[in-house]
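Going from the sequence shown to my numbering is simple: count from 1 and add 18.
Glycine included, each C-beta is placed from N, C-alpha and C at the ideal position.
Since we're looking at a predicted model, the values are computed, not measured.
Here is the structure we will look at.
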Amino acid sequence: MKRFLVIQTAFLGDAILSVPIADSIKNKHKNAEVFVLTIPQNKDVYTLNPNIDKIILYDKHGLENDIFSMIKKIKLLKSIGFDCIVTPHPSARTAIISYFSRAGCRIAPSSVSLSFLYTNTISVESMPHQIDKNLALLKLLDFEEKDLIRKINLFFSKDDEKLINGVLEAYSIDHTKRIVVINPVSAWPTKRWPKEYYKELAFMLEQSGYLIVLVGTQKDINIGEYIKNNRKNIVNLMGQTTLKELFAVISKANLLISNDSAPVHIASAFNIPTIEIYGPTLPEFGFYSLSEKKAIFEIKDLDCRPCGTHGGNSCKKSHFDCMMRIIPQEVFKTAIEFLG
(Lines of atoms letter the chains of each structure in order from A; the text may use other names.)
(Lines give C-alpha, C1' and ligand atoms only; values in the text may rest on other atoms or scores of the structure.)
Protein backbone atom coordinates (compact mmCIF):
# COMPACT_ATOMS: atom_id res chain seq x y z
CA MET A 19 0.00 0.00 0.00
CA LYS A 20 1.37 3.40 -0.98
CA ARG A 21 1.54 6.20 1.54
CA PHE A 22 1.30 9.84 0.46
CA LEU A 23 1.86 12.93 2.60
CA VAL A 24 0.53 16.39 1.73
CA ILE A 25 2.29 19.18 3.63
CA GLN A 26 0.58 22.54 4.00
CA THR A 27 1.36 24.52 7.15
CA ALA A 28 0.59 28.03 5.86
CA PHE A 29 -2.52 30.20 6.22
CA LEU A 30 -6.11 28.94 6.35
CA GLY A 31 -6.77 29.82 2.71
CA ASP A 32 -3.70 27.88 1.60
CA ALA A 33 -4.86 24.86 3.60
CA ILE A 34 -8.31 24.97 1.99
CA LEU A 35 -6.80 25.15 -1.49
CA SER A 36 -4.60 22.11 -0.77
CA VAL A 37 -7.60 19.81 -0.24
CA PRO A 38 -7.90 18.96 -3.98
CA ILE A 39 -4.39 17.48 -3.83
CA ALA A 40 -5.48 14.88 -1.26
CA ASP A 41 -8.78 14.24 -3.02
CA SER A 42 -7.03 13.73 -6.37
CA ILE A 43 -4.47 11.32 -4.90
CA LYS A 44 -7.26 9.18 -3.47
CA ASN A 45 -9.18 9.43 -6.71
CA LYS A 46 -6.32 7.84 -8.64
CA HIS A 47 -4.90 5.59 -5.92
CA LYS A 48 -7.99 4.33 -4.13
CA ASN A 49 -6.08 1.93 -1.88
CA ALA A 50 -3.40 4.42 -0.90
CA GLU A 51 -3.10 6.00 2.55
CA VAL A 52 -3.24 9.80 2.39
CA PHE A 53 -1.82 11.82 5.30
CA VAL A 54 -1.80 15.59 5.80
CA LEU A 55 0.71 17.58 7.85
CA THR A 56 -0.76 20.90 8.97
CA ILE A 57 -0.90 23.37 11.84
CA PRO A 58 -3.50 22.88 14.64
CA GLN A 59 -5.47 25.97 13.58
CA ASN A 60 -6.21 24.40 10.20
CA LYS A 61 -6.98 20.86 11.35
CA ASP A 62 -10.71 21.10 10.67
CA VAL A 63 -10.11 21.87 7.00
CA TYR A 64 -9.28 18.19 6.63
CA THR A 65 -11.40 16.41 9.26
CA LEU A 66 -14.45 14.49 8.05
CA ASN A 67 -12.87 14.27 4.57
CA PRO A 68 -13.19 10.59 3.59
CA ASN A 69 -10.14 10.86 1.33
CA ILE A 70 -7.78 11.76 4.18
CA ASP A 71 -6.71 8.88 6.40
CA LYS A 72 -4.71 10.72 9.03
CA ILE A 73 -3.86 14.28 10.04
CA ILE A 74 -0.47 15.02 11.59
CA LEU A 75 -0.35 18.29 13.54
CA TYR A 76 2.73 20.50 13.63
CA ASP A 77 2.42 23.46 16.00
CA LYS A 78 5.30 25.29 14.37
CA HIS A 79 4.14 28.72 15.61
CA GLY A 80 3.61 27.53 19.18
CA LEU A 81 4.84 24.65 21.31
CA GLU A 82 6.83 23.06 18.45
CA ASN A 83 8.61 26.22 17.33
CA ASP A 84 12.14 24.93 17.90
CA ILE A 85 14.73 22.76 16.20
CA PHE A 86 14.22 19.82 18.58
CA SER A 87 10.52 19.62 17.75
CA MET A 88 11.32 19.73 14.06
CA ILE A 89 13.74 16.83 14.47
CA LYS A 90 11.09 14.91 16.41
CA LYS A 91 8.58 15.54 13.62
CA ILE A 92 11.08 14.30 11.03
CA LYS A 93 11.61 11.10 13.04
CA LEU A 94 7.85 10.57 13.13
CA LEU A 95 7.58 10.92 9.36
CA LYS A 96 10.49 8.54 8.86
CA SER A 97 8.87 5.98 11.14
CA ILE A 98 5.63 6.09 9.14
CA GLY A 99 7.52 5.67 5.87
CA PHE A 100 6.06 7.71 3.04
CA ASP A 101 6.41 6.77 -0.59
CA CYS A 102 5.78 10.32 -1.74
CA ILE A 103 5.48 13.81 -0.28
CA VAL A 104 3.61 16.50 -2.19
CA THR A 105 3.76 20.09 -0.96
CA PRO A 106 2.87 23.49 -2.39
CA HIS A 107 4.30 25.16 0.71
CA PRO A 108 7.37 27.22 -0.20
CA SER A 109 9.25 27.39 3.10
CA ALA A 110 12.77 26.16 3.75
CA ARG A 111 11.57 24.32 6.87
CA THR A 112 9.15 22.28 4.76
CA ALA A 113 11.93 21.43 2.31
CA ILE A 114 14.19 20.25 5.13
CA ILE A 115 11.46 18.15 6.76
CA SER A 116 10.59 16.59 3.42
CA TYR A 117 14.20 15.76 2.61
CA PHE A 118 15.05 14.14 5.93
CA SER A 119 11.79 12.17 5.99
CA ARG A 120 13.54 9.86 3.51
CA ALA A 121 10.50 9.71 1.26
CA GLY A 122 11.70 8.45 -2.10
CA CYS A 123 9.55 10.96 -4.00
CA ARG A 124 9.34 14.60 -2.91
CA ILE A 125 7.45 17.04 -5.12
CA ALA A 126 7.13 20.82 -4.92
CA PRO A 127 6.92 23.88 -7.18
CA SER A 128 10.27 24.94 -8.61
CA SER A 129 9.94 28.36 -6.94
CA VAL A 130 10.14 27.01 -3.37
CA SER A 131 13.03 27.57 -0.99
CA LEU A 132 15.77 24.93 -1.14
CA SER A 133 14.16 23.37 -4.21
CA PHE A 134 17.23 21.15 -4.70
CA LEU A 135 16.09 19.09 -1.70
CA TYR A 136 13.13 17.79 -3.69
CA THR A 137 13.33 14.92 -6.14
CA ASN A 138 10.97 16.58 -8.61
CA THR A 139 9.89 20.18 -9.15
CA ILE A 140 7.71 21.89 -11.71
CA SER A 141 7.14 25.51 -12.72
CA VAL A 142 3.56 26.51 -11.86
CA GLU A 143 3.74 30.28 -12.22
CA SER A 144 1.76 30.35 -15.46
CA MET A 145 -1.19 28.46 -13.96
CA PRO A 146 -4.29 30.70 -13.47
CA HIS A 147 -5.49 29.63 -10.02
CA GLN A 148 -3.69 28.30 -6.95
CA ILE A 149 -5.68 25.06 -7.23
CA ASP A 150 -4.28 24.61 -10.74
CA LYS A 151 -0.78 25.25 -9.40
CA ASN A 152 -1.34 22.66 -6.67
CA LEU A 153 -2.75 20.02 -8.99
CA ALA A 154 0.08 20.56 -11.48
CA LEU A 155 2.38 18.93 -8.91
CA LEU A 156 0.54 15.65 -9.38
CA LYS A 157 1.26 15.65 -13.10
CA LEU A 158 4.81 14.73 -12.11
CA LEU A 159 3.25 11.49 -10.84
CA ASP A 160 1.61 10.76 -14.20
CA PHE A 161 -1.79 12.02 -13.13
CA GLU A 162 -4.07 12.72 -16.07
CA GLU A 163 -6.82 15.35 -16.19
CA LYS A 164 -9.45 12.72 -15.40
CA ASP A 165 -7.63 11.91 -12.17
CA LEU A 166 -7.67 15.49 -10.88
CA ILE A 167 -10.40 16.88 -8.62
CA ARG A 168 -10.60 20.62 -9.31
CA LYS A 169 -13.07 21.24 -6.53
CA ILE A 170 -12.78 22.18 -2.88
CA ASN A 171 -14.51 19.67 -0.61
CA LEU A 172 -15.14 20.93 2.91
CA PHE A 173 -17.26 19.11 5.47
CA PHE A 174 -19.24 19.95 8.60
CA SER A 175 -21.65 18.05 10.81
CA LYS A 176 -25.24 18.65 11.89
CA ASP A 177 -23.90 19.94 15.21
CA ASP A 178 -21.84 22.53 13.35
CA GLU A 179 -25.06 23.90 11.82
CA LYS A 180 -26.70 24.58 15.18
CA LEU A 181 -25.23 28.07 15.58
CA ILE A 182 -26.37 29.46 12.24
CA ASN A 183 -29.69 27.59 12.42
CA GLY A 184 -30.26 29.22 15.80
CA VAL A 185 -29.57 32.64 14.33
CA LEU A 186 -31.96 32.03 11.44
CA GLU A 187 -34.64 30.79 13.84
CA ALA A 188 -34.18 33.79 16.12
CA TYR A 189 -34.68 36.14 13.19
CA SER A 190 -37.53 34.07 11.74
CA ILE A 191 -35.56 33.54 8.56
CA ASP A 192 -36.96 31.18 5.95
CA HIS A 193 -36.01 30.44 2.36
CA THR A 194 -37.61 33.72 1.21
CA LYS A 195 -35.19 35.86 3.27
CA ARG A 196 -31.81 36.60 1.75
CA ILE A 197 -28.69 36.29 3.92
CA VAL A 198 -25.50 38.23 3.25
CA VAL A 199 -22.32 37.09 5.02
CA ILE A 200 -19.66 39.78 5.28
CA ASN A 201 -16.01 39.14 6.11
CA PRO A 202 -14.50 42.60 6.73
CA VAL A 203 -11.12 41.35 7.97
CA SER A 204 -7.87 39.77 6.82
CA ALA A 205 -4.61 38.71 8.42
CA TRP A 206 -2.99 41.68 6.64
CA PRO A 207 -4.21 45.21 7.51
CA THR A 208 -3.79 46.59 3.98
CA LYS A 209 -6.02 43.83 2.56
CA ARG A 210 -8.91 45.20 4.61
CA TRP A 211 -11.43 47.46 2.90
CA PRO A 212 -12.07 50.30 5.42
CA LYS A 213 -14.43 49.37 8.22
CA GLU A 214 -16.29 52.63 7.60
CA TYR A 215 -17.10 51.40 4.09
CA TYR A 216 -18.26 48.02 5.38
CA LYS A 217 -20.46 49.79 7.93
CA GLU A 218 -22.09 51.86 5.19
CA LEU A 219 -22.53 48.82 2.95
CA ALA A 220 -24.04 46.73 5.76
CA PHE A 221 -26.46 49.55 6.59
CA MET A 222 -27.62 49.82 2.97
CA LEU A 223 -28.12 46.07 2.69
CA GLU A 224 -29.99 45.90 6.00
CA GLN A 225 -32.21 48.79 4.90
CA SER A 226 -32.98 46.80 1.76
CA GLY A 227 -34.34 43.93 3.86
CA TYR A 228 -31.38 41.54 4.10
CA LEU A 229 -30.00 39.82 7.19
CA ILE A 230 -26.30 40.64 7.53
CA VAL A 231 -24.00 38.13 9.28
CA LEU A 232 -20.48 39.32 10.15
CA VAL A 233 -17.70 36.73 10.44
CA GLY A 234 -14.12 36.98 11.64
CA THR A 235 -11.87 36.11 14.56
CA GLN A 236 -12.10 36.99 18.25
CA LYS A 237 -9.48 39.71 17.88
CA ASP A 238 -11.69 41.44 15.30
CA ILE A 239 -14.86 41.50 17.39
CA ASN A 240 -14.66 45.28 17.92
CA ILE A 241 -14.69 45.79 14.16
CA GLY A 242 -17.83 43.70 14.05
CA GLU A 243 -19.49 45.76 16.77
CA TYR A 244 -18.54 48.97 14.95
CA ILE A 245 -20.15 47.71 11.73
CA LYS A 246 -23.21 46.35 13.56
CA ASN A 247 -23.77 49.71 15.28
CA ASN A 248 -26.64 48.24 17.34
CA ARG A 249 -28.70 47.56 14.23
CA LYS A 250 -31.23 44.77 14.69
CA ASN A 251 -30.69 42.84 11.43
CA ILE A 252 -26.89 42.80 11.58
CA VAL A 253 -25.54 39.80 13.50
CA ASN A 254 -21.95 39.85 14.74
CA LEU A 255 -20.59 36.29 14.83
CA MET A 256 -16.94 37.37 14.95
CA GLY A 257 -15.04 35.18 17.37
CA GLN A 258 -18.11 33.01 18.00
CA THR A 259 -17.63 30.26 15.42
CA THR A 260 -15.38 27.27 15.17
CA LEU A 261 -13.90 26.70 11.74
CA LYS A 262 -16.53 24.10 10.87
CA GLU A 263 -19.29 26.38 12.15
CA LEU A 264 -17.89 29.03 9.82
CA PHE A 265 -18.21 26.54 6.95
CA ALA A 266 -21.86 26.05 7.91
CA VAL A 267 -22.53 29.79 8.18
CA ILE A 268 -21.11 30.55 4.74
CA SER A 269 -22.87 27.53 3.21
CA LYS A 270 -26.21 29.14 4.21
CA ALA A 271 -25.42 32.50 2.59
CA ASN A 272 -27.02 33.88 -0.53
CA LEU A 273 -23.99 36.12 -0.96
CA LEU A 274 -20.52 36.51 0.56
CA ILE A 275 -18.78 39.89 0.52
CA SER A 276 -15.15 39.62 1.55
CA ASN A 277 -11.64 40.93 1.32
CA ASP A 278 -9.03 38.74 -0.39
CA SER A 279 -9.13 36.17 2.41
CA ALA A 280 -9.94 32.56 3.33
CA PRO A 281 -13.77 32.90 3.47
CA VAL A 282 -13.68 33.37 -0.32
CA HIS A 283 -12.35 29.82 -0.66
CA ILE A 284 -14.95 28.48 1.77
CA ALA A 285 -17.63 30.11 -0.39
CA SER A 286 -16.05 28.49 -3.45
CA ALA A 287 -16.46 25.08 -1.82
CA PHE A 288 -20.22 25.63 -1.56
CA ASN A 289 -20.57 27.63 -4.80
CA ILE A 290 -21.86 30.70 -2.92
CA PRO A 291 -22.03 33.91 -5.00
CA THR A 292 -19.09 36.08 -3.99
CA ILE A 293 -18.04 39.72 -4.18
CA GLU A 294 -14.32 40.02 -3.52
CA ILE A 295 -12.52 43.28 -2.75
CA TYR A 296 -8.87 43.58 -3.74
CA GLY A 297 -6.42 46.24 -2.58
CA PRO A 298 -2.66 45.60 -2.52
CA THR A 299 -2.92 42.12 -4.04
CA LEU A 300 -4.18 40.98 -7.43
CA PRO A 301 -6.63 38.33 -8.63
CA GLU A 302 -3.85 37.22 -10.96
CA PHE A 303 -2.02 35.84 -7.93
CA GLY A 304 -4.49 32.95 -8.22
CA PHE A 305 -6.63 33.22 -5.09
CA TYR A 306 -9.88 34.47 -6.63
CA SER A 307 -13.28 32.87 -6.10
CA LEU A 308 -14.19 29.72 -8.00
CA SER A 309 -17.93 30.19 -7.47
CA GLU A 310 -19.97 30.32 -10.66
CA LYS A 311 -21.31 33.76 -9.76
CA LYS A 312 -18.63 36.21 -8.66
CA ALA A 313 -17.48 39.80 -8.97
CA ILE A 314 -14.14 41.45 -8.25
CA PHE A 315 -13.64 45.05 -7.18
CA GLU A 316 -10.20 46.56 -7.65
CA ILE A 317 -8.57 49.81 -8.80
CA LYS A 318 -6.59 48.83 -11.86
CA ASP A 319 -4.91 52.14 -12.76
CA LEU A 320 -2.53 52.31 -9.79
CA ASP A 321 1.14 51.84 -10.64
CA CYS A 322 1.85 50.86 -7.01
CA ARG A 323 -0.27 47.69 -7.26
CA PRO A 324 0.65 45.08 -6.26
CA CYS A 325 2.79 46.25 -3.37
CA GLY A 326 3.42 42.74 -2.04
CA THR A 327 2.45 39.11 -2.23
CA HIS A 328 0.30 39.26 0.91
CA GLY A 329 -0.23 42.96 1.46
CA GLY A 330 1.34 44.61 4.50
CA ASN A 331 0.74 46.49 7.72
CA SER A 332 0.41 49.92 6.12
CA CYS A 333 0.25 51.58 2.72
CA LYS A 334 3.76 52.31 1.46
CA LYS A 335 2.49 55.38 -0.39
CA SER A 336 0.40 56.61 2.57
CA HIS A 337 -2.71 57.15 0.43
CA PHE A 338 -4.32 53.68 0.43
CA ASP A 339 -6.01 54.52 -2.86
CA CYS A 340 -6.32 50.85 -3.80
CA MET A 341 -9.01 50.51 -1.16
CA MET A 342 -10.25 54.05 -0.58
CA ARG A 343 -11.31 54.46 -4.20
CA ILE A 344 -13.64 51.45 -4.08
CA ILE A 345 -16.95 53.06 -3.12
CA PRO A 346 -19.60 51.27 -0.99
CA GLN A 347 -22.40 52.33 -3.36
CA GLU A 348 -20.71 50.46 -6.23
CA VAL A 349 -20.38 47.27 -4.19
CA PHE A 350 -23.98 47.65 -3.00
CA LYS A 351 -25.24 47.92 -6.57
CA THR A 352 -23.54 44.67 -7.55
CA ALA A 353 -24.75 42.96 -4.37
CA ILE A 354 -28.35 43.85 -5.17
CA GLU A 355 -27.92 42.52 -8.70
CA PHE A 356 -26.59 39.23 -7.31
CA LEU A 357 -29.40 38.98 -4.76
CA GLY A 358 -32.20 39.94 -7.14
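Residue i versus residue j - alpha carbon distance
i      : j      : result
Pro291 : Glu243 : 25 Å
Ser332 : Leu181 : 35 Å
Thr327 : Ile284 : 21 Å
Asp319 : Arg343 : 11 Å
Thr208 : Ala110 : 26 Å
Val74  : Leu135 : Residue identity check: residue 74 is Ile in the sequence provided, not Val. Straight-line Cα distance between these residues: approximately 22 Å.
Gln257 : Lys213 : Going by the sequence as given, residue 257 is Gly instead of Gln. Cα to Cα, Gly257 sits roughly 17 Å from Lys213.
Span of the beta strand (DSSP E), counted from its first residue to its last, around residue i
i      : result
Arg21  : 21 to 25
Lys311 : Per DSSP, Lys311 belongs to no beta strand (DSSP E) and is neither H nor E.
Ala121 : Counting along the chain, Ala121 falls outside any beta strand (DSSP E), and DSSP gives it neither H nor E.
Below-8 Å beta-carbon distance, residue i vs any chain C residue
i      : result
Ala220 : The chain labelled as chain C is not found in the depicted structure, where only one protein chain is given.
Nearest candidate by alpha-carbon position, reference residue i, set the options
i      : options                        : result
Ser269 : Lys151, Val282, Ala188         : Val282
Gln148 : Asp339, Pro346, Tyr306, Pro324 : Tyr306
Ala113 : Ser133, Cys102, Asn277         : Ser133
Ile34  : Asn60, Arg21, Phe22            : Asn60
Asn368 : Ile317, Arg168, Ala220, Gly99  : Outside the shown range of the chain, which is 19 to 358, sits residue 368, and nothing can be said about it.
Status (buried if at least 16 other CB within 10 Å, exposed otherwise) for residue i
i      : result
Ala126 : buried
His79  : exposed
Arg210 : buried
Asn247 : exposed
Ala121 : buried
Cys340 : buried
Ser226 : exposed
Ser144 : exposed
Cys322 : exposed
Glu294 : buried
Leu81  : exposed
Gly99  : exposed
Beta-carbon contacts of residue i that lie in its chain and below 6 Å, excluding the five residues immediately before and after
i      : result
Val142 : Pro127, Lys151, Ala154
Ala266 : Phe174, Asp178, Glu179, Ile182
Ser286 : Ile170, Ser307, Leu308, Ser309
Thr105 : Ile25, Thr112, Ala126
N-terminal and C-terminal residue of the alpha helix (DSSP H) that residue i is part of
i      : result
Asn69  : Counting along the chain, Asn69 falls outside any alpha helix (DSSP H), and DSSP gives it neither H nor E.
Ile149 : 148 to 154
Thr292 : Looking at the DSSP string, Thr292 is not in any alpha helix (DSSP H); the run it does join, the beta strand (DSSP E), is 292 to 295.
Phe350 : 346 to 357
Asn362 : Look at the range of the chain in this structure, 19 to 358, and you will see that residue 362 is not part of it.
Check: residue i C-beta below 7 Å from any heavy atom of the ligand PLP
i      : result
Tyr244 : Questions concerning the ligand PLP fall outside what the structure shown contains, since it holds no ligand whatsoever.
Cβ neighbours of residue i in the same chain (closer than 7 Å, five flanking residues each side left out)
i      : result
Lys335 : Cys322
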